[in-house]
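Reviewing the structure listed below.
Residue numbers (this note's numbering): 364 to 548.
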């Protein structure tokens with residue numbers, strides 16, 4: 364009888380990790396970084412452990428991680444793409460000195476106007492503005508973590524200056540020429 368010995372090598376499977384799911388705004392990019400092995404193969408064709416992606420829509424990427432013994436494991440990561448809002452601060456407006464005007468922003472779910480003491484509330488889409496000089500107001504419109512900024516200008520026109528002349532006394536039946544002056548038409 365003869366003894367035969369066989370050596371069996373057991374190699375551990377790699378443990379693929381594609382990273383945690385993440386959210387970006389449309390038009391943005393994110394770096395995907397996989398770990399757990401020696402060789403990497405992504406579902407989009409990349410063979411690098413890390414890569415930068417800019418998906419237009421929500422996309423799930425799969426990475427297959429292989430160790431030097433040929434053992435492999437896979438993992439996925441989902442990149443959720445949120446739309447970036449398009450801020451609209453409303454059209455420019457003109458008021459007379461001492462008047463107020465309501466601003467009207469649109470395009471997102473939350474609104475943050477740049478701090479200005481002439482606004483009734485900086486956290487709403489439509490604050491009332493009470494400028495005493497021509498003022499440009501800036502608003503940041505958000506949709507979750509995605510945001511955009513726009514501005515609107517309120518032009519303040521001075522009140523007209525007018526002079527009706529000096530007080531004059533006349534006798535009944537007499538006529539007088541009245542003459543007003545000022546910066547009006």
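For each residue, glycine too, the CB sits at the ideal point set by N, CA and C.
What residue from 407, 426 and 417 has the CA that sits closest to residue 398's CA?
-> Looking up residue 398 in the chain shown gives position 35. Measuring from the Cα of residue 398, the nearest candidate turns out to be 426.
Would DSSP call residue 429 helix, strand or coil?
-> Position 66 of the chain shown, counting from 1, holds the residue named residue 429. Residue 429 falls in the strand class under three-state DSSP.
Between 431, 455, 368 and 443, which lies nearest to residue 390 when the distance is taken from Cα to Cα?
-> As a position in the chain shown, residue 390 is number 27, starting the count at 1. Per the Cα distances, 443.
If you count every other CB in all the chains shown that lies within 10 Å of the CB of residue 509, and 16 or more means buried, which is it?
-> Working through the chain shown from its first residue, we reach residue 509 at position 146. So residue 509 counts as buried.
Assuming residue 441 and residue 435 form a contact by the criterion Cβ under 8 Å, report the distance between their Cβ atoms to the nearest whole angstrom.
-> Mapped onto the chain shown, residue 441 falls at position 78. Mapped onto the chain shown, residue 435 falls at position 72. Actually they do not touch by this definition, with Cβ atoms about 21 Å apart.
Boundaries of the beta strand (DSSP E) in which residue 413 is found, first to last residue = The count along the chain shown starts at 1 and reaches residue 413 at position 50. Segment 413 to 416, the beta strand (DSSP E) holding residue 413.
Could you pull out every residue in the same chain whose Cβ sits closer than 7 Å to the Cβ of residue 569, ignoring the five residues on either side in sequence?
-> Because the chain here runs from 364 to 548, residue 569 falls outside it and cannot be looked at.
Decide yes or no for the touch test of the region 447 to 457 against the region 510 to 520: beta carbon pairs closer than 8 Å, at least 3 of them.
-> yes
First and last residue of the beta strand (DSSP E) that includes residue 506?
-> Sequence index remark: in the chain shown, residue 506 carries index 143 (1-based). Here the beta strand (DSSP E) through residue 506 covers 498 to 506.
Using three-state DSSP, classify residue 424 as helix, strand or coil.
-> Here residue 424 is taken as the residue at index 61 of the chain shown, counted from 1. In the structure shown, residue 424 sits in a strand (DSSP, three-state: E or B).
Does the distance from the C-beta atom of residue 543 to that of residue 527 stay below 8 Å?
-> On the chain shown, position 180 is the one that residue 543 refers to. On the chain shown, position 164 is the one that residue 527 refers to. Contact: yes.
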